[in-house]
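In the working numbering, the protein residues as written are 1 to 203.
Take a look at the structure:
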């Protein structure tokens, strides 16, 4: 059955044109603002990381990010990294974290990681924990990781163990904290071999 062709009236067409032009104007304005801010943002990024003895990573990657993502976003992330002094990651880490977390979760996860001083993993470890295992596991793993002072791994390791061992997580965590070798436990020896349990270990 052939579909009907709907003929839009001129009023609707003109309305869409007007709104469309406004959207273009907003995007062009945002792009122009980002273009003007980019040189200073990059200088501050390099200076901030250099001051803290943190490697900037390959700066050419910034150009790739500008091509792949919204330039205004990349400029803002450069500012974020500079503000954090590069202590929880470089611009590539921030771009990947934002790409995975989105605007809703990125600010909170960045704040958590910065508050923890990067002691339990950099920004990507935090982003990975939330993205792979969900908000509930992320929060519980963070509490335990802070409580243990990261003795058994970073936040991503704790989230992984919590998700894998589920109801047995507390017992396994206690055994590791007591210095026992989990591989000697017949209940977990197979799981250790097949799931990469060595990521969750005493350091």
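For every residue, glycine included, the Cβ atom is placed at its ideal position computed from N, Cα and C.
Let's see if you can read the secondary structure: which residues bound the alpha helix (DSSP H) around residue i?
i           : result
residue 49  : 10-51
residue 140 : 123-147
residue 68  : 60-68
residue 151 : Careful: residue 151 lies outside any alpha helix (DSSP H) and carries neither H nor E.
residue 170 : 169-177
residue 102 : 91-115
residue 74  : 71-84
On the premise that residue j lies in contact with residue i, defined as a C-beta separation below 8 angstroms, what is that separation, rounded to the nearest angstrom?
i           : j          : result
residue 65  : residue 74 : 5 angstroms
residue 122 : residue 88 : 5 angstroms
residue 78  : residue 42 : 6 angstroms
Beta-carbon within less than 7 angstroms of residue i's beta-carbon, same chain only, minus the 5 sequence neighbours each way: which residues are those?
i           : result
residue 169 : 161 and 162
residue 125 : 154, 155 and 156
residue 138 : 129, 130 and 159
residue 38  : 75
residue 100 : 127 and 131
residue 141 : 129, 155, 158, 159 and 162
Have a look at the options and flag the residue whose alpha-carbon is nearest the alpha-carbon of residue i.
i           : options              : result
residue 93  : 108, 42 and 128      : 128
residue 155 : 118, 62, 111 and 83  : 118
residue 133 : 177, 159, 98 and 115 : 159
residue 70  : 34, 50, 146 and 178  : 34
residue 86  : 102, 107, 109 and 44 : 44
residue 135 : 67, 10 and 106       : 106
residue 91  : 111, 109 and 46      : 46
residue 149 : 52, 116, 36 and 62   : 116
residue 114 : 83, 98, 102 and 103  : 83
Less than 8 angstroms between C-beta atoms, sequence neighbours within five positions excluded: which residues of the same chain meet that for residue i?
i           : result
residue 50  : 56
residue 204 : The structure shown has nothing for residue 204, since the chain only spans 1 to 203.
residue 18  : none
residue 61  : 91 and 92
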